[in-house]
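My numbering puts the first residue of the sequence shown at 10, with every later residue one more than the last.
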Amino acid sequence: VKLEANASAVFQTNSSGTPTLTTTLNGYTVTPKKVSGQSGGRVLEISYDFAACPNVINHLEVSISPPFAGRTVSANAVLGSNTYRVFDYEDIWYDKTTGKFLSSTDKFVEGHHYTLEIWIKAASGYVFNTDKNLNPNMTATLNGWEVAVKRAYEQAADEVVSLRYDFGVLET
Numbered sequence: 010v011k012l013e014a015n016a017s018a019v020f021q022t023n024s025s026g027t028p029t030l031t032t033t034l035n036g037y038t039v040t041p042k043k044v045s046g047q048s049g050g051r052v053l054e055i056s057y058d059f060a061a062c063p064n065v066i067n068h069l070e071v072s073i074s075p076p077f078a079g080r081t082v083s084a085n086a087v088l089g090s091n092t093y094r095v096f097d098y099e100d101i102w103y104d105k106t107t108g109k110f111l112s113s114t115d116k117f118v119e120g121h122h123y124t125l126e127i128w129i130k131a132a133s134g135y136v137f138n139t140d141k142n143l144n145p146n147m148t149a150t151l152n153g154w155e156v157a158v159k160r161a162y163e164q165a166a167d168e169v170v171s172l173r174y175d176f177g178v179l180e181t
């Protein structure tokens, strides 16, 4: 990028003509390359290597065994793509009736109310689509049902998202 100073201004340089000012480009600090210009120091050249743009994920598909009375809790999710993975398998099933998270040895109980919250992480070279406020801006399905994509607690929204589904009260 080449910047030209206003008519009465010049860019700051040292005695050998090297730029001595601090510059930013899209929020990144960059070292100016050179100052040139026929009237002395009026054109400043800066550059920044943004590297390759990551691939953007706009949709997630996740399948997991739903609650069924007497069945052992499953945290084995099947994902619709290798561009993302499950971030953490712990504490994904919650029993609203008892107010406790389920372990991998627990069984689903008839009459209990269950929710699932699963965190999904983008694979290397991929990011989740976000809006201008850096909130997830994408769609997802869980077992074919549309689910909201939320920001995972204390995680970057373009790297880790949360899918939550309320299975309701388990009936036979």
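Don't be surprised by glycine CBs; every beta carbon is placed ideally from N, CA and C.
On a predicted model such as this, the values are computed, not experimentally measured, just so you know.
Per DSSP, Ala149 is one residue of the beta strand (DSSP E) stretching across Thr148 to Leu151. Per DSSP, reduced to three states, the secondary structure at Leu12 is strand.
In its chain, beyond the 5 residues on either side, Lys105, Thr106 and Val178 have a beta carbon closer than 6 Å to the beta carbon of His122. For Ile66, the three-state secondary structure derived from DSSP is strand. The bridge partners DSSP lists for Leu111 come to none.
Counting other Cβ atoms within 10 Å of its Cβ, Leu69 reaches 16 or more and is therefore classed as buried. Taking the Cβ atoms as the reference, Thr124 lies roughly 5 Å from Asp175, within the contact range of under 8 Å. As computed with DSSP, Asp104 is found in a beta bridge with Lys109 and Tyr123.
In chain order, Pro63 and Asn64 place their CB closer than 7 Å to the CB of Gly134, counting only its own chain and leaving out the 5 sequence neighbours on each side.
Contact holds between the region 88 to 97 and the region 66 to 80, because three or more Cβ pairs, one in each stretch, are under 8 Å apart.
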